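Quick notes on the structure that follows.
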Amino acid sequence: MRTGILVVATVFATAISIAAVAHEGAKGVVKERMDGMEVIGKQVKMMVPMLKGEVPYDPAKVELAAMKISNAGSAFTELFPTGSTNTPSEASPEIWEKWDAFSRLSDELAINADMLKTIAAKDAASGSNDTSQFDDAFRNVLQTCKSCHQQFRAD
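All residue numbers for the sequence shown refer to the working numbering, where the first residue is 6 and numbers rise by one.
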């Protein structure tokens, strides 16, 4: 399970790096949501090395990153008005066909990011470097991203 999540995290972080080029030409609400996804991707990319143990766990950085993810995630549904599939949108039409499921995943992302933020704030306040709660909370964020992209991102 741990290896699978790490692979997903690495792929997700790499995809975000490529996304900047793919977003050229986006306008209006499509650009707004792509920019939001990019913000999330940058935060994920910063935290993946902590999850892998490649860099030290920094709860202050994680707290800020989780706040940015939560803020972006909480507004997602507003950035997907019906028919906003203009190129270069990567939104699948299934978003609107399965709106309740999409909306639940958006809420789940904000909830999981808030939990990650709470854990990081507690660790920062206590000076803890124990990564176990961070690992679990960050994996939940990654799993939510993966679930949403698998269901609602056009290839």
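Built from N, CA and C at the ideal position, the CB exists for glycine as well. Quantities reported herein were computed from a predicted structural model and do not represent experimental measurements.
Determine the DSSP secondary structure at alanine 164, reduced to helix, strand or coil. One cannot answer for residue 164 here, as it falls past the ends of the chain, which runs 6 to 160.
Could you tell me which residues DSSP puts in a beta bridge with arginine 158? Position 153 of the sequence shown, counting from 1, holds the residue named residue 158. Answer by DSSP bridge pairing, in chain order: Ala96.
Can you tell me the Cα-Cα spacing of aspartate 119 and lysine 73, whole angstroms? One-based indexing of the sequence shown puts residue 119 at position 114. One-based indexing of the sequence shown puts residue 73 at position 68. One Cα belongs to aspartate 119, the other to lysine 73, and the distance between them is close to 10 Å.
Can glycine 41 and alanine 71 be called in contact, C-beta distance under 8 Å? Here residue 41 refers to the residue found at position 36 of the sequence shown. Here residue 71 refers to the residue found at position 66 of the sequence shown. It is not a contact, given that the beta carbons lie outside the stated cut-off.
Cβ separation of alanine 129 and alanine 65, assumed to be a contact under 8 Å, to the nearest whole Å: What you label residue 129 is simply residue 124 of the sequence shown in a count that begins at 1. What you label residue 65 is simply residue 60 of the sequence shown in a count that begins at 1. Between alanine 129 and alanine 65 the beta-carbon gap is near 5 Å, inside 8 Å, which marks them as a contact.
Label lysine 57 either buried or exposed according to how many other C-beta atoms from any shown protein chain fall within 10 Å of its C-beta, with 16 as the threshold for buried. By 1-based counting over the sequence shown, the position of residue 57 is 52. Only exposed fits lysine 57, as fewer than 16 other CB atoms lie within 10 angstroms of its CB.
Validate contact between the stretch 133-141 and the stretch 94-102 using beta carbons, cut 8 Å, 3 pairs: Touching, no, given that fewer than three Cβ pairs across the two stretches are closer than 8 Å.
Helix, strand or coil for serine 131, going by three-state DSSP, please let me know. Reading the sequence shown from its first residue, position 126 is the one you call residue 131. The DSSP-derived three-state label of serine 131 is helix.
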